[in-house]
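Those protein sequences? They're chains P and B, same order as listed.
In this text, residue positions in the first sequence follow numbering that gives the first Met the number 0: the first is 0, and each later residue adds one.
In this text, residue positions in the second sequence follow numbering that gives the first Met the number 0: the first is 0, and each later residue adds one.
Notes follow the structure.
Number of protein chains: 2
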Amino acid sequence: MTDRVPAGFCRDADGRLLVAGQAAEGWVEAAGDTPLFVYDRAILSARVAAFRAAMPAGLQLHYAVKANPLPALVAHMAALVDGLDVASAGELRLALSAGMAAGHISFAGPGKRDRDLEAAIGAGATINIESAGELERAGAIARRIGRRARVALRVNPPFSLKGSGMRMGGAASPFGVDAADAPQVLEAMAAQHFDFRGLHIFAGSQALSEAALLDAQRETVALAAELAGHAPGSIPLVNLGGGFGVPYFPGDTALDLSVLGTGLADILEARPRALQSTRFAIELGRWLVAEAGVYLCRIVDRKVSRAETFLVTDGGLHHQLAATGNFGTVIRRNYPLVNASRDGGGREIVSVVGCLCTPLDRLGDKVALAPAAIGDLIAVFMAGAYGRTASPQAFLGHPAPLEMLV
Amino acid sequence: MTDRVPAGFCRDADGRLLVAGQAAEGWVEAAGDTPLFVYDRAILSARVAAFRAAMPAGLQLHYAVKANPLPALVAHMAALVDGLDVASAGELRLALSAGMAAGHISFAGPGKRDRDLEAAIGAGATINIESAGELERAGAIARRIGRRARVALRVNPPFSLKGSGMRMGGAASPFGVDAADAPQVLEAMAAQHFDFRGLHIFAGSQALSEAALLDAQRETVALAAELAGHAPGSIPLVNLGGGFGVPYFPGDTALDLSVLGTGLADILEARPRALQSTRFAIELGRWLVAEAGVYLCRIVDRKVSRAETFLVTDGGLHHQLAATGNFGTVIRRNYPLVNASRDGGGREIVSVVGCLCTPLDRLGDKVALAPAAIGDLIAVFMAGAYGRTASPQAFLGHPAPLEMLV
């Protein structure tokens, strides 16, 4: 694999990587140390703008906080999107602190404890109900604290998002209520004093096929229409899920937003009468933030073992588990990475490893990079989503990585 | 897979799981919440005692802190073993705080930064040198701060531990110096003012074959003897590595320590003259602590999706990544787990999942458990090693797990 600097980043005349217009080394100086995650707020904003420009008017955009919960980044996103989706009481606090109104926060997750439900009801956030039992618990808590619970129903769809990195429909699942059981739970919502906010239907994630995404959206709208007759009144909002993938690997092609936007406009235009007054939202995490982030680590050692050259860095899987192929992947492939300190001298084949005492800790396996010296910075791209918080940060007792939104 | 309570644990007359003689629920009450890791210090002590009883007199036992760095547990182990092995400056501080003398601490890791080397040299810990370049840096730092650096050479052996869960020899590696290059680095050690402490040779980990372990130990002793002529004086200590596996899965058989002890006694007895005054150490992490720990989480929801029953807990892969099959494993298999609150009513097939919004978060896939109610505790065994710190704890913003050494 040869190195490539992805869109949004470039090199200066000396071959040094620029992030948000400044040399990577400059950001490290400003932060004070490596490893460092740098997130470019201009890329984040551009991403949201591109979505808005391509998608039908009135379509809501939600940010799934779990993709990157850095408080400054969540605050930046909160000002740009229409809602925040959270997966824990901790993320709920974060979303509220970011300035998002509780009415635009929805809380999903199969294992919400009573304290979590109480926090959401108390704050006025919408609870995506994952089971009949959870609805009962939410009702009891609401009565006890004298509040009306805002609820939406999460439905486990009978279809899945084809070609997605992670399928979330069409099979037995701990997430949501099977579509077949949904009418009953919707009727239970109607029978009690809930504030019904709509449906939440997820079919998968990390898909790079526009056709597959549109198929899933079409099926989702049809399913919502089928369920509408059972809902307590008209459906205010259908969260269509997201599933927009990003191109991690050579051969991956970025999604064509105009195809998605036109297709989704047609789907919504043709929606059944039962959904005429319904609003729709797309919930995105990875697609909004992954490409805005870069992970910078420094080469500590350079060594040759049995003719293989290793660049040993101060980074590793404790910050970038997915990039080492150890989280949710079957076949390990390299994330794009480059020597951020220089570009000249041709290319050499090296393996870039982290500082941990485990053979799993490999950021780049036999990649072609500009010949590197100890002290050079390595940049791993696609680091804006599922980085620090999706990694075993405490493993082996190394310091936490630094993070900057710039 | 049917459930089993592993050795060291049992149930009371009401079918409740006992941990260190007390009901699991009692430990949760004492800790104040779930999820909770409980580590049984009697099991830890018994493990060390069994090792001592079976192994040749004079063989040192080291504890690899990375397996479980809970400070109380490290302090408990420090009082029982002959040395602590650390993998970062953070673990070095922990080992010193646990009361281990610096002379009995060794520091391995391919990406030691100058500040890490300085911390080790300043404290008087032994640095396992991973490359010629690292030796040079250590020498320069020692001169600068006016200390003599204690160093051992980590050798990448030309053989590997057969059948090990993770091979660490016989191939190109970022760890240590290839055996072929070791003489040169040993001679560089002799040429400078280093305090030479010996060799550190790791061939793999998590092996369940006594024959394979003994083969690796035999080859390690032979390799050490070959290198002895290049060392700066006689070799004080050879760290033979560890690699002792533990039985995670049905069909796995625990190691027979007496076979290992007898075999290793023969190997050491027959060691070449060049190693007559050398002492030997076995470094163990997982084998010492894995079976002493249990992870307790509570069932928050019980639901059926497409005829599959799910028990949704408040635990998950953010605390127990390896148990969900997402860390260093190719084929997912269930760790032993039981309903810790009851044993009656026959068995039902259920899937036990965590509270995270990802299909990866599955602690038990179609396991046979005593029929469970919401509120019951689930116990996942083999949780003493590579649990909390080897998991993405911050993922989705849930609270940290609690830990108790009892």
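We treat Cβ as the ideally placed atom computed from N, Cα and C, and that holds for glycine.
Query: Using a Cβ cut-off of 8 Å (strictly closer), state whether Val288 of chain P contacts chain B.; Result: no
Query: Below 7 Å on C-beta distance, what does Phe158 of chain B contact in chain P?; Result: Simply none; closest approach about 13 Å.
Query: Determine the direct distance from the alpha carbon of Thr125 of chain B to that of Arg147 of chain B, and round the result to whole angstroms.; Result: 11 Å
Query: Might you give, ordered along the chain, the residues of its own chain that have their beta carbon closer than 7 Å to the beta carbon of Leu336 of chain B, omitting 5 neighbours on each side?; Result: Asp2, Val351, Leu362, Gly363, Val366, Ile377, Ala378, Val379, Phe380
Query: Quick one: is Cys356 of chain P near chain B, going by C-beta distance under 8 Å?; Result: yes
Query: By the criterion of Cβ-Cβ separation under 9 Å, what are the contact partners of Ser105 of chain P in chain B?; Result: Within chain B, no residue comes near Ser105 of chain P; the closest Cβ sits about 12 Å away, beyond 9 Å.
Query: Hey, could you find the ends of the beta strand (DSSP E) Leu35 of chain B is sitting in?; Result: 35 to 38
Query: With distances taken between CB atoms, is the gap from Gly108 of chain B to Cys296 of chain P smaller than 8 Å?; Result: no
Query: State yes or no: is the C-beta of Lys111 of chain P within less than 8 Å of the C-beta of Val303 of chain B?; Result: no
Query: Whole alpha helix (DSSP H) runs in the segment 225 to 273 of chain P with 4 or more residues, listed along the chain?; Result: 256 to 268
Query: Could you tell me the distance, in whole angstroms, from the CA atom of Phe248 of chain P to the CA atom of Arg332 of chain P?; Result: 7 Å
Query: Quick one: what's got a C-beta closer than 8 Å to Ala280 of chain B's C-beta in the same chain, skipping five residues either side?; Result: Leu58, Gln59, Leu60, His61, Asp81, Gly82, Leu236, Val237, Asn238, Leu239
Query: Looking at the secondary structure, which residues open and close the alpha helix (DSSP H) in which Asp342 of chain P lies?; Result: Taken as a continuous stretch (DSSP letters only), Asp342 of chain P belongs to no alpha helix (DSSP H), as it is neither H nor E.
Query: Only counting the same chain, and skipping five residues up and downstream in sequence, which positions put a Cβ closer than 6 Å to that of Met99 of chain P?; Result: Ala77, Leu83
Query: Is it buried or exposed for Gln392 of chain B, if we count other Cβ within 10 angstroms and need 16 for buried?; Result: buried
Query: Against chain P, with Cβ distances strictly below 8 Å, would Asp375 of chain B count as a contact?; Result: no
Query: Which residue wins for smallest C-alpha separation from Leu368 of chain P, given the options P:Ser390, P:Asp342, P:Ala382, P:Cys356?; Result: P:Asp342
Query: Of all the CB atoms in chain B, is at least one closer than 8 Å to the CB of Asp364 of chain P?; Result: no
Query: Is the segment 128 to 140 of chain B close to the segment 92 to 106 of chain B, with three or more CB pairs under 8 Å?; Result: no
Query: Which value, in whole angstroms, describes the spacing of the CA atoms of Ile120 of chain B and Phe50 of chain B?; Result: 31 Å
Query: Using Cβ-Cβ distances below 9 Å, what residues of the segment 387 to 398 of chain P are close to chain B?; Result: Arg387, Thr388, Ala389, Ser390, Pro391, Gln392, Ala393, Phe394, Leu395, Gly396, His397, Pro398
Query: Decide yes or no for the touch test of the segment 255 to 270 of chain B against the segment 181 to 189 of chain B: beta carbon pairs closer than 8 Å, at least 3 of them.; Result: no
Query: For Asp364 of chain P, which of helix, strand or coil comes out of DSSP?; Result: strand
Query: Would you mind telling me which residues of chain P sit closer than 7 Å to Val311 of chain B, beta carbon to beta carbon, in chain order?; Result: Pro109, Gly110, Pro173
Query: So, for Ser130 of chain P: in the same chain, excluding its five sequence neighbours on each side, which residues have a beta-carbon less than 7 Å away from its beta-carbon?; Result: Val176
Query: Which stretch, first to last residue, makes up the beta strand (DSSP E) that contains Ile298 of chain B?; Result: 292 to 304
Query: Find the nearest neighbour of Pro231 of chain B within the set B:Val150, B:Pro400, B:Thr357, judged by alpha-carbon distance.; Result: B:Val150
Query: Answer yes or no: the CB of Cys296 of chain P versus the heavy atoms of the ligand NAP, is any distance below 7 Å?; Result: For the ligand NAP, the structure offers nothing, since it holds no ligand at all.
Query: Quick one, which of B:Pro70, B:Arg46, B:Val85 has its alpha-carbon nearest Met397 of chain P's?; Result: Note on residue identity: the sequence assigns His, not Met, to residue 397 of chain P. Of the listed residues, the one whose Cα sits closest to His397 of chain P is B:Val85.
Query: So, helix, strand or coil for Thr323 of chain P, using DSSP?; Result: helix
Query: Assign Ala118 of chain B to one of two classes, buried (16 or more other C-beta atoms within 10 Å of its C-beta) or exposed (fewer than that).; Result: buried
Query: Does any CB atom of chain P fall closer than 8 Å to the CB of Ser208 of chain B?; Result: no
Query: Please look up how many angstroms separate the CB atoms of Gly168 of chain P and Gly203 of chain P, rounded, as I've assumed it's under 8 Å.; Result: 7 Å
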